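Down below is the structure, laid out as structure tokens.
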Amino acid sequence: MGKIKIAVKTPRIDMTPMVDLFFLLLVFFILTATFRPEEAAPIKTPTSTSQTPIPDGHLMTILISKGDKVYFNVDNGTDSTEHIRAKVLQAFGSNYKIKFTPKEIKKFEGLASFGLPAVKLKDFLNAPDQKTREAMQEGIPIDSLDNQLTMWIRFARTYNNDLKVAIKGDGDATYPVVKKVIAILTDNNVYKFDLTTDLKAGIAAELPAEFIIK
Amino acid sequence: MAEIVQEEGHKGKGKRKAKKHGTHIDMTPMVDLACLLLTFFMLTTAFNKPKVMEIILPEKPKNNEKPPELDKDRALNIILVENDKVLWYVGMAEPGKQLAEADFSKEGIRKILLQRNKELYTSIAKQTRDLTVGKLKLTRDSAEARIKRYYKADKFGPIVLIKAADGVKYRNLVDIIDEMAITNIARYSLVDINPVEKMMVQAHVSSKPSATAIK
Chain A
1 MGKIKIAVKT
11 PRIDMTPMVD
21 LFFLLLVFFI
31 LTATFRPEEA
41 APIKTPTSTS
51 QTPIPDGHLM
61 TILISKGDKV
71 YFNVDNGTDS
81 TEHIRAKVLQ
91 AFGSNYKIKF
101 TPKEIKKFEG
111 LASFGLPAVK
121 LKDFLNAPDQ
131 KTREAMQEGI
141 PIDSLDNQLT
151 MWIRFARTYN
161 NDLKVAIKGD
171 GDATYPVVKK
181 VIAILTDNNV
191 YKFDLTTDLK
201 AGIAAELPAE
211 FIIK
Chain B
215 MAEIVQEEGH
225 KGKGKRKAKK
235 HGTHIDMTPM
245 VDLACLLLTF
255 FMLTTAFNKP
265 KVMEIILPEK
275 PKNNEKPPEL
285 DKDRALNIIL
295 VENDKVLWYV
305 GMAEPGKQLA
315 EADFSKEGIR
325 KILLQRNKEL
335 YTSIAKQTRD
345 LTVGKLKLTR
355 DSAEARIKRY
365 YKADKFGPIV
375 LIKAADGVKY
385 RNLVDIIDEM
395 AITNIARYSL
405 VDINPVEKMM
415 VQAHVSSKPS
425 ATAIK
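Protein chains in written order, with my numbering: chain A, 1 to 214; chain B, 215 to 429.
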């Protein structure tokens with residue numbers, strides 16, 4: 001009799017479109033993700049209300065860490081055929097009578113910011129892993145007797161004419177070092193540069209009551 | 215995958231067929247994983263690039279060139295000192311001259327700068343307000359060009375000379391340059407502190423021994 005039984009089915013949701021969407025988004029994010037390159041030192045930049053984003057390519061960055069050490073970074077160019085880092089390294093090396101092997105140059109191209117005196121560069125590039133490299137980053141000499149930062153800036157600007165300059169300093173770096181770095185820049189005829197900052201949490205700056213214009 | 219589901223739909227109807235399950239793949243773990251990775255990449259992707267403040271320093275005067283003279287009534291000297299404090303005075307540095315003290319709050323140095331730069335500040339702020347309200351229709355470029363013209367035409371606003379004592383943190387330098395942008399100061403420059411000013415700072419510090427009492 002009771003043959004007509006409605007089979008109780010658990011409602012099945014077809015997940016295929018969802019999976020499709022997920023994978024699409026996933027691929028998008030994987031491809032757009034740019035991983036933070038190995039930084040020479042952790043730097044916490046101060047905040048400001050400026051909203052100008054950092055320029056995309058052709059950027060030379062001078063980093064100043066909390067312990068007032070100075071590091072340097074230069075772009076490898078907007079595409080991989082430019083090899084600006086390789087040229088800069090070779091020019092810098094020949095200035096200090098250091099010859100780099102192709103392997104070392106290749107390694108250097110893949111790294112980001114660095115900060116160590118010229119004599120240690122070879123050891124740095126042959127270091128087995130990141131930990132060893134990190135320990136070697138003791139800052140670029142900037143005193144007037146041995147001003148290697150000037151050399152880096154000069155060679156970087158030789159091989160890339162439209163290089164923009166950014167100073168990325170830690171909020172706790174002290175003023176004399178910053179002043180010295182700025183002096184080195186102006187000595188090299190760089191009068192226009194950017195200070196890298198983070199955006200302040202509340203974007204609009206508060207004003208005293210009588211100056212708020214409605 | 216869609217076909218598999220369909221196939222099963224047919225099976226449900228056919229009663230006599232053996233209860234053989236179709237090769238139905240449970241996609242839940244895959245979805246879980248995809249979701250997890252998706253979240254990870256979404257969160258790690260840095261969409262907000264760091265911001266920059268542009269600084270343009272005056273070129274060094276050539277050997278036989280004299281540096282431009284400053285109208286000393288317009289010169290507002292700001293000396294950054296330790297503990298996030300700002301000392302300021304107007305005009306030329308003289309031994310024995312009193313320094314005023316301010317901080318980085320909105321009633322601090324910002325108020326002083328705004329009071330002195332009121333004319334320029336209000337004209338730029340009015341333009342920005344008109345733009346946001348929609349009263350004024352300008353492209354971004356021409357709005358910026360207008361502001362530049364305002365800056366150039368500025369005849370009464372202060373010329374700010376920023377100096378810093380040795381123990382000052384870089385953060386304070388960024389803060390004060392940021393204040394210049396907030397208050398629309400047309401002319402400012404980074405200058406080395408001179409010995410007279412060092413003496414003035416010293417005198418100021420020793421006249422007020424308890425640093426915390428100053429407000």
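Beta carbons are placed, not taken as given, at the ideal position from N, Cα and C, and that holds for glycine.
Computed from a predicted structure; not experimentally measured.
- The straight-line gap separating the alpha-carbon atoms of ASP187/A and PHE155/A is approximately 14 Å.
- Where GLY169/A is concerned, the enclosing beta strand (DSSP E) starts and stops at 164-169.
- Residue burial annotation: ILE184/A is buried, with at least 16 other C-beta atoms found within 10 angstroms of its C-beta.
- For the pair of segments examined, the region 129-140 of chain A was found to touch the region 109-120 of chain A: the number of CB pairs separated by less than 8 Å reaches three.
- Here the region 293-302 of chain B makes contact with the region 372-387 of chain B; the two share three or more CB pairs at distances below 8 Å.
- Under DSSP, no beta-bridge partner is assigned to GLU138/A.
- DSSP, reduced to helix, strand and coil, places ALA378/B within a strand of the structure shown.
- Given a length threshold of 4 residues, each whole run of the alpha helix (DSSP H) inside the region 65-103 of chain A is given here in chain order: 84-95.
- A straight line joining the alpha-carbon of LYS320/B with that of TYR335/B spans about 15 Å.
- DSSP places TYR384/B in the helix class (H, G or I) of the three-state scheme.
- With its beta carbon at least 9 Å from every one in chain A, VAL374/B lies outside the interface.
- Taking C-beta atoms under 8 Å as the contact rule, LEU290/B and PRO409/B fail to qualify, at a distance of about 20 Å.
- Under the 9 Å criterion on CB atoms, ASP285/B is classed as non-interfacial with respect to chain A.
- When the alpha-carbon of VAL415/B is set against those of SER337/B, CYS249/B, ASP240/B and ALA307/B, the nearest one is in ALA307/B.
- By the C-beta criterion, the region 264-279 of chain B is judged to be in contact with the region 191-203 of chain A, since at least 3 inter-stretch pairs fall below 8 Å.
- Note on PRO275/B: under 16 other CB atoms within 10 angstroms of its CB, so exposed under the neighbour-count rule.
- The closest CA to that of ILE270/B, considering only HIS418/B, ARG401/B and MET413/B, is found on ARG401/B.
- Annotation: PHE108/A to THR49/A spans about 35 Å, alpha carbon to alpha carbon.
- Leaving aside the five residues that flank GLY67/A on each side, none in its chain has a CB nearer than 6 Å to its CB.
- In this chain, the alpha helix (DSSP H) harbouring LYS180/A covers 175-187.
- Taking a contact as a CB-CB distance under 8 Å, the pair ASN73/A and MET151/A does not count as one, their CB atoms being some 15 Å apart.
- The straight-line gap separating the alpha-carbon atoms of SER420/B and MET413/B is approximately 11 Å.
- Under the Cβ distance rule, ASP380/B counts among the residues neighbouring chain A, one pair being separated by less than 9 Å.
- For GLU315/B, the beta-bridge partners assigned by DSSP are LEU301/B.
- In the DSSP assignment, ARG157/A falls within the alpha helix (DSSP H) that extends over 148-159.
- Only residues of its own chain outside the window of five on either side were considered, and among them GLY371, PRO372, THR397, ASN398 and ILE399 have a CB closer than 7 Å to the CB of ASN331/B, listed in chain order.
- The bridge partners DSSP lists for ARG401/B are ILE373/B.
- For VAL266/B, the enclosing beta strand (DSSP E) covers residues 265-270.
- Rounded to whole angstroms, the gap between the alpha carbons of LEU294/B and SER337/B is 29 Å.
- Close partners of ILE269/B in chain A (Cβ separation under 8 Å): LYS192, PHE193, ASP194 and LEU195.
- In the three-state scheme derived from DSSP, where H, G and I count as helix and E and B as strand, MET244/B is classed as helix.
- Cα atoms of LEU352/B and TYR384/B: separation of roughly 37 Å, rounded to the nearest angstrom.
- Its Cα nearest to that of GLY169/A, the residue LYS180/A stands out among LYS5/A, LYS180/A and LYS103/A.
- Listed in chain order, the non-local C-beta contacts of VAL388/B below 8 Å within the same chain comprise MET267, local neighbours out to five positions each way being set aside.
- In the pairwise beta carbon analysis, the region 157-165 of chain A is classified as not touching the region 129-137 of chain A: fewer than three pairs are separated by under 8 Å.
- Among the CB atoms of chain B, none fall inside 9 Å of the CB of PRO11/A.
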